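Chemist: Position 274 of the sequence shown, counted from 1, bears residue number 316 in the working numbering, the numbering being contiguous throughout.
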Amino acid sequence: MITIRDVAKRAGVSVATVSRVINNTGKVSLRTKERVLIAMKELGYSPRPWARYLATPRRKFSVTIVATKRITSHMEEGSFYKYVFEGIEGVARQSGVRIQATDIGDFPLSDGYLLIGADFDKATVEEYKSRGKPVVMIDHYIPGMNIDAVVSDGYGGAFEAISTLAEIGHKRIVHIHNPLSAYSFRERYDGYFRAMEKYGFFPKVYEFDDLGDNMEAVIELMLNTYGVPDAIFTSNDFAAVRVHEELMKRGIEIPDDVSLIGFDDSPDSEKLGISSVRVFKEELGSFGMRRLITLMTGQDTHPAKISLFTELVIRGSVKKREGG
């Protein structure tokens, strides 16, 4: 596979110079540019579609970001979708794409649509597709639909979290999950079950209503019907923070009595020392925008689901279980 380094070596220039030629940025002499272009042609090097887009004269594309008020009204610094939007905006600035935001159900004229979050059903997605423009979903996917999507690897992240707990002696591991209508929460739920099955543990789950916040009732139900578990794994960090609050109110210590792992790696979980599965949120946005650029330029048009690997971050809320 020919790389940018091969082009730089053939042209006798730095990798940074080749990048400037491809992206049409910075100062490069005409003679140097010609050498780079000749080297690219001789080697048969073809930049990625979105890089080719940056490197050629073009009309300005317009992209519409579609999200509900549930998402756009919670864009404070450090919030999940704030990072996603920053990833989108960074690529948009670099590529000269104009972006506008609108609520779900609005259909402004646009060259492409980014659908953000889990508030989209199949019928609504089909409406956006019917405009005849490229559509990319971010942080959501509807099984059975051949539509481009960028998601995090919830299944793998959950599997790693439960496996880590199991390896340090935890057996009675409870999963408190958010509504499973969201693809990301279903993936994490499935990963939990698969890991529990691998280790021969009995799964136990409770549903948390993240909008109504019924965590107090969930914890009461768990303690009354199951008792104090070895560990709790939640679908997201908001749920983990609420678990932390409710257990501490009842004198149940973390991690001495119960280990706790959330999902997303939010500033709140970091502040409280709660272990979490890190989602690369800004990359969700940047990958989504780059994929849309690729589609808008007519490249690689076969639909794809891009899944970004996660990373388990262990903090003070996880402790080895004695005798495990």
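Just so you know, even glycine gets a beta-carbon here, dropped at the ideal spot from N, CA and C. On a predicted model such as this, the values are computed, not experimentally measured, just so you know.
1. Would you say G242 and F201 are within 8 angstroms of each other, going by their C-beta atoms?
2. Verify whether the separation of the beta carbon atoms of I316 and D279 is less than 8 angstroms.
3. Whole angstroms is fine: what's the gap from S359's alpha carbon to K213's?
4. Helix, strand or coil for I261, going by three-state DSSP, please let me know.
5. What residue from S172, T45 and N220 has the CA that sits closest to L253's CA?
6. Could you spell out where the alpha helix (DSSP H) holding G198 opens and where it closes?
7. For the ligand SAM, is there any heavy atom lying closer than 7 angstroms to the beta carbon of R228?
8. Suppose only complete runs of 3+ residues qualify. What are the beta strand (DSSP E) ranges in the region 310 to 362, listed by chain order?
9. So, are the CB atoms of V319 and F305 less than 8 angstroms apart?
10. So, are the CB atoms of I296 and A203 less than 8 angstroms apart?
11. On the criterion of 16 or more Cβ atoms from any shown chain inside 10 Å, does K175 qualify as buried, or is it exposed?
12. Between S226, K323, I335 and E262, which lies nearest to I294 when the distance is taken from Cα to Cα?
13. With contact counted as at least three CB pairs below 8 angstroms, one residue from each stretch, are the region 52 to 72 and the region 101 to 108 in contact?
14. Buried or exposed: R47, going by 16 or more other Cβ atoms within 10 Å of its Cβ?
15. For the beta strand (DSSP E) holding V216, just list the boundary residues, first then last.
16. Using only alpha-carbon positions, find the residue among I141, D299 and I274 that is nearest to P245.
17. Report buried or exposed for G333, applying the criterion of at least 16 other Cβ atoms within 10 angstroms of its Cβ.
18. State the Cα-Cα distance for the pair T276 and P345, rounded to the nearest angstrom.
19. Can you tell me which of the three DSSP states M179 falls into?
20. Helix, strand or coil, according to DSSP, for G138 in the structure here?
21. Could you pull the start and end residues of the alpha helix (DSSP H) that L289 belongs to?
22. Which stretch, first to last residue, makes up the beta strand (DSSP E) that contains F162?
23. Less than 8 angstroms separating the beta-carbons of D181 and A160?
24. The beta strand (DSSP E) that contains V105, what's its start and end?
25. Please work out which residues of its chain come closer than 6 angstroms, Cβ to Cβ, to S308, disregarding the five sequence neighbours upstream and downstream, and give them in chain order.
26. Please report the residue range of the beta strand (DSSP E) in which L156 lies.
27. Helix, strand or coil for V300? Go by DSSP, reduced to three states.
28. Between L337 and T343, how many whole angstroms is the CB-CB distance? I'm expecting something under 8 angstroms.
29. Sorted by chain position, which residues of the same chain lie with C-beta nearer than 8 angstroms to Y248's C-beta, five sequence neighbours on each side aside?
30. Go ahead and pull the three-state DSSP assignment for A224.
31. Per DSSP, which residues does T45 bridge with? Please list them.
32. Looking at the strands, I want to know which residues DSSP matches up with Y248.
33. When you compare each of L156, N188, Y155 and P150 to K164 by their alpha carbons, which one comes out closest?
34. Of all the options S205, E229 and L72, which has the alpha carbon lying nearest to the alpha carbon of P185?
Modeler: Put simply:
1. Contact flag unset, no.
2. yes
3. 16 angstroms
4. helix
5. N220
6. G196 to E209
7. The ligand SAM is not among the ligands present in this structure, which contains no ligands whatsoever.
8. Segments of the beta strand (DSSP E) lying fully in the region 310 to 362: 317 to 320, 347 to 350 and 353 to 355.
9. yes
10. no
11. buried
12. E262
13. no
14. exposed
15. I215 to H219
16. I274
17. In the sequence under discussion, the amino acid at residue 333 is Arg, which differs from the Gly named in the question. With 16 or more other Cβ atoms within 10 Å, it is buried.
18. 31 angstroms
19. In this structure, M179 counts as strand in the three-state DSSP scheme.
20. Here DSSP, grouped into helix, strand and coil, assigns G138 to coil.
21. D279 to K291
22. No beta strand (DSSP E) holds F162; DSSP gives it neither H nor E.
23. yes
24. S104 to V108
25. D279
26. G154 to I158
27. Reduced to three states, the DSSP call for V300 is coil.
28. 6 angstroms
29. V216, H217, I218, H219, V260, L263 and M264
30. coil
31. None, per the DSSP bridge assignment.
32. I218
33. N188
34. E229
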